[in-house]
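Under the working numbering, think of the first position of the sequence shown as 335, with each following residue one higher. Glycine included, C-beta positions come from ideal geometry on N, C-alpha and C.
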Amino acid sequence: MRFKLHFTLENPEISIQYRKSIISFFKYALSNYNEEYYKKYYNAKDNTIKSYTFSTYFKNPKIEKDKIIIEDKKFELNISVADCETSIILYNAFNKQKFKKIHLNNNSCTLQNITMIMEKEIKSDRITIKFQSPLCVRSRIDQKDYYYSFENKEFEEILKINIKEQLKITNMPKEIVDSFKITPIKAKKVLVKFYEKCLECSTGVFEISGDKQLLEYTYKSRTRQPT
């Protein structure tokens, strides 16, 4: 399931690290809706695997060193969820926050509306996709995180390991990932600042191939759009 949250800002400036505020909004909305659901998705003891992701859209943003200027004081939050139960939980949690002021560091925003987005049916074992938010591929070695863009020769292999980890919350066998392939078409490496770190990520257009069931799952659990 996919839906879009429409926000208005109190003033046109937000921090370049706005993603931290978005995650805080997720946590607050879930805890305010149902404390058990909050604990389910944000367990302090474990790095809980989640079946959803988000991307943010700003119209004609002006990016400065530590802030983003959004002249129309509006932004959209695109939510993509792989399973029905989580979709309903998140939708209800967000819907409860409509028309309430939400703090974003030195700014605030208000959720004005939520709209549903039609999902495309995956009919082939090979599709072309465009990422709406940077693809972050991570490995953890000796308690240290490493990030890979498509320019790194280990990119595809580490991504497949990430996908296998994600499949632990599904009934799909991890072997289904072995035939997965990702090929850059019109891609670029980007650096995303997050919690004082600059993460090497990928964005743009890619071709992915593999089992149709796996492509369907990755499409629903990632904010990207088949073209």
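- In the three-state reduction of the DSSP assignment, SER385 falls in the coil class.
- One alpha carbon belongs to LEU445, the other to LYS338, and they sit about 11 Å apart.
- Cβ contact annotation for PRO395 (same chain, cutoff 8 Å, sequence separation greater than five): ILE402, ILE403 and ILE404, in chain order.
- Counting only runs of 4+ residues, the alpha helix (DSSP H) found wholly inside the region 412-449 occupies 418-429, in chain order.
- Between LYS361 and TYR372, the beta carbon gap of about 7 Å places them in contact (Cβ cut-off 8 Å).
- DSSP links ALA521 through a beta bridge to GLY538.
- Comparing alpha carbon positions, the residue from GLU347, ASN377 and ILE542 closest to ILE456 is ILE542.
- When the beta-carbon positions are compared, THR537 and PHE465 come within less than 8 Å of each other.
- In this chain, the beta strand (DSSP E) harbouring SER473 covers 471-475.
- Restricting attention to GLU491, ARG460, ILE461 and SER458, the CA atom closest to the CA of ARG472 is found in GLU491.
- Nearest in C-alpha terms to HIS437, of all of ASN412, SER349, THR462 and LYS531, is SER349.
- By the neighbour-count criterion, in which 16 or more other beta carbons inside 10 Å mark a residue as buried, CYS443 falls on the buried side.
- Beta-bridge analysis with DSSP links THR462 to GLU541.
- Among the bridge pairs identified by DSSP, ASP479 is matched with ARG474.
- Beyond the five residues adjoining it in sequence on each side, SER458 comes within less than 6 Å, by CB distance, of no other residue in the same chain.
- Boundaries of the alpha helix (DSSP H) harbouring THR552: 546-554, taken from the DSSP string.
- When DSSP reads this structure, SER349 sits in a beta bridge with LYS401.
- The three-state reading of DSSP puts GLU530 in coil, since its state is none of H, G, I, E or B.
- In the DSSP assignment, PHE337 falls outside any alpha helix (DSSP H) and within the unbroken beta strand (DSSP E) covering 336-343.
- Relative to the Cα of CYS418, the nearest Cα in the group LYS546, LYS384, GLN351 and LEU493 belongs to LYS384.
- Straight-line measurement puts the Cα of LEU343 at about 16 Å from the Cα of GLN351.
- When DSSP states are grouped into helix, strand and coil, GLU485 belongs to the coil group.
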